[in-house]
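For the sequence shown, my numbering assigns the number 67 to the initial residue and increments by one for each residue that follows. C-beta: ideal position from N, C-alpha, C; glycine also. A short worksheet on the structure shown next.
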Amino acid sequence: MADTYAGYISEERKKHFTILVGVLGAVFLIMQFVAPLVIMFSMMSNFMTSTVNMKDFRIDRAVYWHGSMWYTEHAIGIGSQKEQPSTLIQWPVQDKAKPKSVGTIPLKGAYLLASTDGIWIISENHVGLWTEAGYKEKQQGTNLGVISNPFFMDGIPAVLANRPEGWVLMEFVNNTWQRQDEIVIPYPKQKAVAEPELRVVVLFGRPDIYMKYGNSLYLSTLPLNSNEKKVHWIILGKIHGPWSVVSDGEKVYLAENRKIMLLPGGAWKKPIKLNTATLRVCLSLTDRKNLVALTETTFNTLRMAVFHGQKKIIDLKTAGDGPIPEHFMSIALIPQIVGYAMPFLLAFILSLLMRRDRVIRYEKDGTSYEFASIIRRGVSMLVDVVILAFPMLLGSILLFSSDFEKLAEGKTHIPVVFGLFFVGFIWAFVCFLIFSFMEGRKGITPGKWLTGIRVLGTDLKPCGFGRAIVRNLLKVVDGFFSFLVGVLVVAFTENWQRVGDMAARTIVIRKNTRKEKQFNATGS
Numbered sequence: 067m068a069d070t071y072a073g074y075i076s077e078e079r080k081k082h083f084t085i086l087v088g089v090l091g092a093v094f095l096i097m098q099f100v101a102p103l104v105i106m107f108s109m110m111s112n113f114m115t116s117t118v119n120m121k122d123f124r125i126d127r128a129v130y131w132h133g134s135m136w137y138t139e140h141a142i143g144i145g146s147q148k149e150q151p152s153t154l155i156q157w158p159v160q161d162k163a164k165p166k167s168v169g170t171i172p173l174k175g176a177y178l179l180a181s182t183d184g185i186w187i188i189s190e191n192h193v194g195l196w197t198e199a200g201y202k203e204k205q206q207g208t209n210l211g212v213i214s215n216p217f218f219m220d221g222i223p224a225v226l227a228n229r230p231e232g233w234v235l236m237e238f239v240n241n242t243w244q245r246q247d248e249i250v251i252p253y254p255k256q257k258a259v260a261e262p263e264l265r266v267v268v269l270f271g272r273p274d275i276y277m278k279y280g281n282s283l284y285l286s287t288l289p290l291n292s293n294e295k296k297v298h299w300i301i302l303g304k305i306h307g308p309w310s311v312v313s314d315g316e317k318v319y320l321a322e323n324r325k326i327m328l329l330p331g332g333a334w335k336k337p338i339k340l341n342t343a344t345l346r347v348c349l350s351l352t353d354r355k356n357l358v359a360l361t362e363t364t365f366n367t368l369r370m371a372v373f374h375g376q377k378k379i380i381d382l383k384t385a386g387d388g389p390i391p392e393h394f395m396s397i398a399l400i401p402q403i404v405g406y407a408m409p410f411l412l413a414f415i416l417s418l419l420m421r422r423d424r425v426i427r428y429e430k431d432g433t434s435y436e437f438a439s440i441i442r443r444g445v446s447m448l449v450d451v452v453i454l455a456f457p458m459l460l461g462s463i464l465l466f467s468s469d470f471e472k473l474a475e476g477k478t479h480i481p482v483v484f485g486l487f488f489v490g491f492i493w494a495f496v497c498f499l500i501f502s503f504m505e506g507r508k509g510i511t512p513g514k515w516l517t518g519i520r521v522l523g524t525d526l527k528p529c530g531f532g533r534a535i536v537r538n539l540l541k542v543v544d545g546f547f548s549f550l551v552g553v554l555v556v557a558f559t560e561n562w563q564r565v566g567d568m569a570a571r572t573i574v575i576r577k578n579t580r581k582e583k584q585f586n587a588t589g590s
C-alpha cells in the first residue's frame, strides 16, 4: 500500500496522531493519579467537617436511675473549648427508646452516682446534684486529682483519691471533701507504666476495690478503720481493654475483653458476649436486678443491652455521629474505580482515532485481517479477569460491602473472605493455564469469544501454548498504571501490539474480517 507510512495512512496523519496521543497519554496518566486524590481529599474534607461535631460519651461513668441510664457527653471536635459544659443524657431502659438531652452541667468527664435525692455529679474539682428541678452546684475549687468512681459510705458520697503514699478515702461531708487520714490503700508491689484504674463496689455491706494495674486485675477490701489489718491485694488474673464492675450486694459482675462474667465465679456456664469493638463499657443493675451493659463501639455508636440472667431482653443502638459513614468500605472503592476507568476511557478515544489515522488491517501472504480495537480488547480482558478472579472478587465484594462498624467488631464474613482468597489463588492459576491453552490452540478466551476477537501469530497461524504463556505473563508489564502502559503501546506500535504481543510475536484481530487479495490471470 503506497499510501501507507509505517502503519499510518500518511506521514501527516502519523505526525498528528503521535502528538495527540502523546498529549492524551500524559493527561490521562496525570488524571489517573489526580482524580482519585481529588475524590479522597473530598472525602477527607467531609471527615474533617464531621470531626468538628464529634462527641465524647463518658458512658464508662454512667449510672442507672429511675428507669434510665444516665451519662454525659461533650464536644471534642476542632475548635471546641476545653472547659465547655457537658450535656446530661437520659436513655430509658426500654424497647425502642432513644437517648435524649435533659440539660447541661458545668463539668467535663464527671462520674455519676445515683441516690434517692437525685444524681450526684462528681469530678476532680466539682460536685453537683441533678434532680428533676435541674442542676445545683454543691462545691467547687477543691482539686482531688485522680479519683475512683464515687460510692456511698454510710450514705455519704465518697471517693478514693490518688496520693503518693497510695489511695486515700475522701468523704463529702457538709458540702466539703474531708480526708479519712487513718485509711490509706497502698499500691501493689508490681510496677506499671500506666496509671492504675479503680472501681469500687459494695459487697455484703462492705466496699470492695478492684484495681487494674498494668495488665493485672487486683482485689482488696476497703478497711473501715485503722485498727483493721493491713490491706492485702489479691491478683484475680490478667485483664485487657475497657472494663467495668457492678454488684447487686451479693454477686459481682465484671465486663472485660468483650464479655461479662461473674466474680469470683458463679452459676453461669459461660460468659455473656459483648461487642468485639467495645471502646468503653459500663455495667449497671436495674430495680429488677436485670443487668445493663452500656457500651461505646466504633465511631460514637452506643449500644445498650439488658440481660435477664444470660438472656438478652433488650438490645438498643444509637446512630453514631463519627466522621466515617456506615458504608465507608464501599465508598472507599470509588477512588480505585475512577483510577481503573481512566484507561478504558482512553482506550475508547484511541479506538476512534486509530480507525481514522491508522492502517486498520494486517496483511500477510495475500491474506489480511482487521485489527481488534483497543476498546474491544479492553472489554475482552475485563470479562476474562472477572472469570479468572471470580472467587477473589466475591471475597472483595463481601469485604468492601460490609458495614464499617461490623467490620471493626468482627461481625463480617472474614473467614469466608479468607477462604475465597485462598481458593481464588488456585482458581486463578488453573484459569490462567486454561486460557493460555485456548489462546495458543484456537486464539480465543471467553472474553475474546464474546467480543469477537482472536489472537494469532504474526504468520496468521495459532501461536501455540508456549507463546500464549509468554504473552499472558507479560500482562504484568502492560498492566502498569492500570493497563495505561498497554493501551499506549498498542496505540503506537505498527501492528497494534502490546509488550506481550511483541515478545510472543502475536497480533489481535477481529474474527470474520479475513480478505484474500485478488490476482490477475498471469498470477502476478
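DSSP three-state assignment for residue i, whether helix, strand or coil
| i | result |
| --- | --- |
| Ser-310 | strand |
| Glu-248 | strand |
| Tyr-253 | coil |
| Glu-190 | coil |
| Lys-538 | Per the sequence presented here, residue 538 reads as Asn, with Lys not at that position. Of the three classes helix, strand and coil, the one that applies to Asn-538 here is helix, per DSSP. |
| Trp-493 | helix |
| Gly-509 | coil |
| Asp-544 | helix |
| Trp-243 | strand |
| Glu-77 | helix |
| Ala-569 | helix |
| Lys-278 | strand |
| Lys-121 | strand |
| Arg-576 | strand |
| Val-268 | strand |
| Ser-590 | Residue confidence for Ser-590 is low, a pLDDT of 32 falling below 50, so the modelled location carries little weight and cannot support an answer. |
| Arg-229 | strand |
Contacts around residue i, its chain only, beta-carbon distance under 6 Å, and the 5 residues preceding and following it disregarded
| i | result |
| --- | --- |
| Val-168 | Leu-154 and Gln-156 |
| Glu-263 | Lys-278 |
| Lys-166 | Gln-156 |
| Leu-382 | Met-370 |
| Ser-181 | none |
| Leu-345 | Glu-362 |
| Val-536 | Ala-569 and Ala-570 |
| Pro-308 | Thr-344, Arg-346 and Val-347 |
| Asp-274 | Val-267 and Thr-287 |
| Leu-554 | Gly-91 |
| Gly-184 | Leu-195, Trp-196 and Thr-197 |
Proximity of residue i and residue j at Cβ, strictly below 8 Å
| i | j | result |
| --- | --- | --- |
| Ile-453 | Pro-512 | yes |
| Glu-560 | Ala-72 | yes |
| Asn-215 | Val-266 | yes |
| Gly-518 | Lys-541 | no |
| Val-372 | Leu-349 | no |
| Val-129 | Leu-179 | yes |
| Pro-528 | Gly-509 | yes |
| Arg-571 | Arg-520 | no |
| Val-87 | Leu-416 | yes |
| Lys-164 | Ala-141 | no |
Heavy atom of the ligand ATP within 7 Å of residue i beta-carbon
| i | result |
| --- | --- |
| Tyr-279 | As far as ligands go, the structure on display features none, and thus does not contain the ligand ATP. |
Cut-off 7 Å between Cβ atoms - residues of its own chain near residue i, not counting five sequence neighbours on either side
| i | result |
| --- | --- |
| Asn-97 | Rather than Asn, the amino acid found at residue 97 in this sequence is Met. If we look at Met-97 and ignore the five residues flanking it on each side, its Cβ neighbours are Met-408. |
| Thr-208 | Asn-191 and Trp-243 |
| His-298 | Ser-286 |
| Pro-151 | Thr-170, Ile-171 and Pro-172 |
| Pro-457 | Leu-486, Val-489, Gly-490 and Trp-493 |
| Lys-204 | Val-193, Gly-194, Leu-195 and Asn-241 |
| Ile-301 | Ser-282 and Tyr-284 |
| Tyr-74 | Lys-80, Phe-83, Asp-423, Arg-424 and Val-425 |
Residues near residue i by beta carbon distance below 8 Å, same chain, minus five either side
| i | result |
| --- | --- |
| Lys-325 | Pro-337, Ile-338, Lys-339 and Leu-340 |
| Leu-47 | Any question about residue 47 goes unanswered here, given that the chain covers just 67 to 590. |
| Pro-352 | Note that residue 352 corresponds to Thr in the displayed sequence, not to Pro. If we look at Thr-352 and ignore the five residues flanking it on each side, its Cβ neighbours are Tyr-130, Gly-133, Val-159, Val-358 and Val-372. |
| Phe-218 | Leu-179, Ser-181, Ala-224 and Val-268 |
| Gln-147 | With a pLDDT of only 46 at Gln-147, under the threshold of 50, the placement of this residue in the model should not be trusted; the figure read from the coordinates follows. Nothing meets the Cβ criterion. |
| Lys-355 | Asp-314 |
| Arg-421 | Ser-439 |
Cβ of residue i within 8 Å of any chain C Cβ
| i | result |
| --- | --- |
| Ile-403 | Note that chain C does not occur in the displayed structure, where there is just one protein chain. |
Is the region 413-432 close to the region 102-109, with three or more CB pairs under 8 Å? no
Could you say if the region 397-409 and the region 356-366 meet the contact criterion of at least three C-beta pairs nearer than 8 Å? They do not touch, by the three-pair rule.
Any 3 or more C-beta pairs closer than 8 Å across the region 236-246 and the region 278-289: no
Unbroken alpha helix (DSSP H) runs of length 4 or more, entirely within the region 356-444: which are they? Look at the region 356-444 and you find these whole runs of alpha helix (DSSP H), each 4 residues long or longer: 394-397 and 399-423.
Quick check for students: name the residue ranges of the beta strand (DSSP E) that lie wholly in the region 149-208, counting only runs of 3 or more. 152-158, 166-171, 177-180, 185-188, 192-197 and 200-206
Does the region 435-452 come close enough to the region 412-419 that 3 or more CB-CB pairs lie under 8 Å? yes
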